[in-house]
Amino acid sequence: MLDIVELSRLQFALTAMYHFLFVPLTLGMAFLLAIMETVYVLSGKQIYKDMTKFWGKLFGINFALGVATGLTMEFQFGTNWSYYSHYVGDIFGAPLAIEGLMAFFLESTFVGLFFFGWDRLGKVQHMCVTWLVALGSNLSALWILVANGWMQNPIASDFNFETMRMEMVSFSELVLNPVAQVKFVHTVASGYVTGAMFILGISAWYMLKGRDFAFAKRSFAIAASFGMAAVLSVIVLGDESGYEMGDVQKTKLAAIEAEWGNATCACCLYSVRHS
């Protein structure tokens with residue numbers, strides 16, 4: 052029978068997986084919207100404005116679902132994992148607080164301006180709003196992955212025997228955690244691929260059906276160019292993420308490779324470059 056810890060882990064895993072269905076699409080579509088609107092401002096062609104508005108509606112639905120599922124997940128830090136929050140709150144809470152105050156507020160504020168500012172803002176002003184939405188979504192990912200990176204590679208902290216808690220000793224070292232950095236660039240690049248594939252798939256369907264062909268063709272071209280760059284970056288950044296895991300998380304890498312027996316170097320596949 053499952054105990055309370057296993058049930059809490061299961062609940063967090065389920066909510067995290069459900070939340071992450073929407074996160075990559077938010078990361079990728081935000082930049083694609085910014086690119087489309089930039090082309091509209093530079094070219095003056097109405098079709099690019101129509102593209103930004105159309106894909107923006109789908110982005111808005113995805114964004115709302117991502118926020119709802121993310122809040123549900125974060126509530127568990129104060130319920131199921133309240134002692135963990137107390138134990139590492141001085142470190143773990145800092146990037147999450149910055150994410151909420153800097154990135155989430157920025158993103159949420161300018162998402163509203165994105166949808167309701169078309170007739171109230173100038174073309175350049177609205178384009179800047181869209182770029183700020185993209186910046187906010189990526190900053191949000193950065194601070195969350197800084198917290199995640201510390202859990203995987205707990206540097207920049209010491210245990211205080213008086214308070215019986217972990218405490219931060221260097222904020223800059225926490226932010227520059229090598230695990231956090233490689234996870235961030237790999238995650239956002241993967242999100243860019245997801246956003247590009249989403250637009251490519253729908254645009255291809257429109258072209259196959261012969262509906263709004265010019266609209267779909269231009270959407271396809273922008274998403275394909277963006278997606279190609281993102282795919283190439285994921286190959287490089289994902290490879291680097293594997294090497295970093297081999298340096299600081301050898302046991303985790305051994306589990307991924309199903310290396311259940313004893314070995315002097317379970318991370319042999321990723322250690323070739325360093326040998």
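Going by the working numbering, the sequence shown opens with residue 52, and the numbers climb by one from there.
All C-beta atoms, glycine included, are put in the ideal place defined by N, C-alpha and C.
Here the structure is a predicted model, which means the values were calculated and not measured.
Excluding the 5 residues flanking Lys-268 on each side, which residues of the same chain have their C-beta closer than 7 Å to its C-beta?
Here the set comprises Met-258.
Asn-211, enclosing beta strand (DSSP E) - first and last residue
208–211
What is the rounded straight-line gap between the Cα of Val-244 and the Cα of Val-92?
25 Å
Start and end of the alpha helix (DSSP H) containing Arg-269?
264–299
From Ala-317 to Ile-253, what distance separates their C-alpha atoms?
With a pLDDT of 49 at Ala-317, under the threshold of 50, the modelled position of that residue is not reliable, and the figure given next carries that caveat. Going by the C-alpha atoms only, they are around 43 Å apart.
Identify, in the order they occur along the chain, each residue of the same chain with its Cβ nearer than 8 Å to the Cβ of Val-180, setting aside the five sequence neighbours on each side.
Phe-161, Leu-164, Phe-165, Gly-168 and Leu-172
Give every residue of the same chain whose Cβ lies closer than 6 Å to the Cβ of His-177, excluding the five residues on either side of it in the sequence, and list them in chain order.
Gly-168
Would the region 121–135 count as touching the region 102–110 if we require 3 or more Cβ pairs under 8 Å?
They do not touch, by the three-pair rule.
Under 6 Å Cβ to Cβ from Leu-320, same chain only, skipping five residues before and after it: list those, please.
A caution first: Leu-320 carries a pLDDT of 49, below 50, which makes its placement in the model unreliable, though a value can still be read off. If we look at Leu-320 and ignore the five residues flanking it on each side, it has no Cβ neighbours.
Residue span of the alpha helix (DSSP H) that contains Arg-60, given as start and end
55–70
Determine the contact status of Leu-76 and Gly-117, defining contact as a CB-CB distance below 9 Å.
Cβ atoms of Leu-76 and Gly-117: closer than 9 Å.
Going by C-alpha distance, which of Asn-131, Gly-79, Val-90 and Thr-89 is nearest Leu-109?
Gly-79
Could you pull out every residue in the same chain whose Cβ sits closer than 7 Å to the Cβ of Phe-73, ignoring the five residues on either side in sequence?
Asn-113, Leu-116, Gly-117 and Thr-120
Given that a residue counts as buried once 16 or more other Cβ atoms are within 10 Å of its Cβ, and exposed if not, what is Asn-211?
It is exposed - the Cβ of Asn-211 has fewer than 16 other Cβ atoms within 10 Å.
Residue interval of the alpha helix (DSSP H) (run including Met-219)
Careful: Met-219 lies outside any alpha helix (DSSP H), inside the beta strand (DSSP E) at 216–219.
Roughly how many angstroms lie between the CA atoms of Leu-283 and Glu-213, to the nearest whole one?
50 Å
Quick check on Ser-191: buried or exposed, where buried means 16 or more other Cβ atoms within 10 Å of its Cβ?
buried
Could you tell me the distance, in whole angstroms, from the CA atom of Thr-130 to the CA atom of Arg-60?
12 Å
Per-residue DSSP class, three states only, for Met-153
The three-state secondary structure of Met-153, taken from DSSP, is helix.
So is Ala-272 buried or exposed if we call it buried at 16+ other beta carbons inside 10 Å?
exposed
Leaving aside the five residues before and after Ala-333 along the sequence, list all residues of the same chain whose C-beta is less than 6 Å from its C-beta, in chain order.
The requested residue 333 is not part of the displayed model; the chain covers only 52 to 326.
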